[in-house]
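Same order as they appear, the protein sequences are chains A and B.
Quick note: the first sequence uses the working numbering, first residue 90, plus one each step.
Quick note: the second sequence uses the working numbering, first residue 13, plus one each step.
Heads up: the structure comes next, in structure tokens.
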Amino acid sequence: MINDRPFAPSDTSPITVTALATLLEARTGQRIAANRAWRIDTALKPIAVERGAASIDELVAAVRDGSNTALADRIVDALLNQETSFFRDAGAIEAAAEAITAIAPSKPRIWCAGCSTGQEPLSLSMALTERGVPHELIATDVSGHAIARARAGRYSQFEIQRGLATIRMLRWFDQDGSDWIAQPALVRGVTWRRSNLVLDAPPAGAFDAVFCRNVLFYLAPDLRPRVLEAIAGSLQPAGALMLGAGETVIGQTDRFVPSKRFRGLYQLAAAERSA
Amino acid sequence: MGLQVMKSCLVVDDSKVIRKVARHILEGLDFAVSEAGDGREALEACRASMPDVILLDWNMPVMSGMDFLRALRDANAAPRPKVVFCTTENGMAHIRAAIDAGADEYVMKPFDRETLASKLQIVGVA
């Protein structure tokens, strides 16, 4: 419902910022970095306006007693960073597809943890299918909104152009007005699931590769070793982990070491020792 | 450390504003930028000095982007410059026709810095 009460910008109180940080961390393990606190107003203003709240303080007060879980979900979703793009970091997905094909030539199982709006698993699926490699791909994200968008496979003109070669866009997407929709076989080839990397168990079964790119960075530092431990437990002995371009396992876990075989990937320390 | 030669980009668009915006983005990406206002001017510029990449509008007076592209590809220049269409012709049929005629990439207007940088990376010039 649109309310015509004017929205008083900014001046979100420190108590509200703390309440939001607590809510976000409790639900997702993610922290609001001090230098990103400014994003709170931008992220939450549309919800506040829609609900007729006069300020962010008023909006957040409505979820403080814990009874309005639907609103709390929306607030958490809005605070999450969902930055992603097709074939993010030039060459990374192609290199990963090559490595996965070498690790498990026959139907590799892959888990994309923190898949946001789906561009990463779809990129990987395109790269593997183009190599003639059937695969099983499970993609999870803590945000229900992001997973719903990924399932719809609908991308704006700006999203579709970022990282995706035109030739691939023509092959794998259909145009609908100014949007582009992934072909049903591409979207249905991925199992999309809302799941919390910190609180929920990993998807069942062992994986040949796990993608967890640009996710750890947002987690509270004490949670990162726990998440890496869970990932280690869900990998096949020869499986590989791919992190974001600026991320590392160094100082966070001794379960993984940089792969000697596949540049940019990590493999289980035990498997590397026996290789 | 060796010197890195700047890549060159010819921006072909009949809109001065678009040329200015593209120049600003491209110079920020370390390209040496030249400009042409239509396909014929662009062909002359290419004869004088072939750029590494051409950012090409579709609808222009005198000679369209498509006519320019066909003439350029017929000339069989070596080394072959990359051509990135950059146009408001955003329909799938136009995009397919451009790729079939020898365009390497396609940018649908409006565009931003990230889009342009990403497409230049895909064609291997950035």
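Note that beta-carbon positions come from the ideal geometry of N, C-alpha and C, so glycine has one too.
This structure is a prediction, so every number in the text was calculated from the model and none was measured.
Annotated as proximal: Leu213 (chain A) and Ile182 (chain A), with beta-carbon spacing under 8 Å. For Glu101 (chain B), there is no enclosing beta strand (DSSP E), as DSSP gives it neither H nor E.
Between Ile66 (chain B) and chain A, the shortest Cβ-Cβ separation is not below 8 Å. When the alpha-carbon of Ala83 (chain B) is set against those of B:Ile30, B:Glu56, B:Leu67, the nearest one is in B:Glu56. Collapsing the DSSP output to three states places Ile121 (chain A) in coil. If you ignore the 5 residues before and after Leu288 (chain A), its C-beta comes within less than 6 Å of no other C-beta in its own chain. Straight-line measurement puts the Cα of Asp297 (chain A) at about 15 Å from the Cα of Arg350 (chain A). The secondary-structure analysis by DSSP pairs Tyr307 (chain A) with nothing; it has no beta-bridge partner. Bounds of the beta strand (DSSP E) holding Val119 (chain B) are 117 to 120. For Thr127 (chain B), the chain A residues whose Cβ falls inside 8 Å of its Cβ are Phe247, Gln250, Arg251, in order along the chain. Separation of Trp281 (chain A) and Ala293 (chain A) (C-alpha to C-alpha, rounded to the nearest whole angstrom) is 14 Å. The Cβ atoms of Leu286 (chain A) and Gly203 (chain A) lie closer than 8 Å to each other.
Residues of chain A with a Cβ closer than 9 Å to the Cβ of Ile30 (chain B) do not exist, since the nearest Cβ in that chain sits about 16 Å away.
Look at the beta carbons and you see the stretch 147 to 167 of chain A not touching the stretch 185 to 199 of chain A: under three pairs across the two are nearer than 8 Å. In this structure, A:Val316 is the residue among A:Val316, A:Ser174, A:Ala271, A:Glu336 with its C-alpha nearest to the C-alpha of Arg344 (chain A). A check of alpha carbon separations from Leu217 (chain A) across A:Ile104, A:Leu332, A:Gly278, A:Thr342 identifies A:Gly278 as the nearest. Nearest neighbour of Gln272 (chain A) by Cα position, chosen from A:Leu259, A:Gly266, A:Arg283, turns out to be A:Leu259. Contact annotation: Val152 (chain A) and Thr190 (chain A) have beta-carbon atoms that are not nearer than 8 Å.
Assigned with DSSP and collapsed to three states, Gln325 (chain A) falls in strand.
Gln356 (chain A) and Pro122 (chain B) have their C-alpha atoms roughly 42 Å apart. Among the residues of the stretch 157 to 190 of chain A, those with a Cβ less than 7 Å away from any Cβ of chain B are Ala179, in the order of the chain. Using a 10 angstroms sphere on the CB of Val29 (chain B), the tally of other CB atoms stays under 16, which defines it as exposed.
In this structure, the CA atom of His224 (chain A) is about 6 Å from the CA atom of Arg198 (chain A). A distance below 8 Å between beta-carbons, with the five flanking residues on each side excluded, links Phe306 (chain A) to the following residues of its chain, in chain order: Gly333, Gly335, Glu336. Considering only beta carbons, no part of the stretch 226 to 239 of chain A lies closer than 7 Å to chain B. Between the C-alpha atoms of Arg85 (chain B) and Ala115 (chain B) there is a straight-line separation of about 9 Å. Contact between the stretch 244 to 263 of chain A and the stretch 98 to 108 of chain B is present: 3 or more CB-CB pairs across the two stretches fall below 8 Å.
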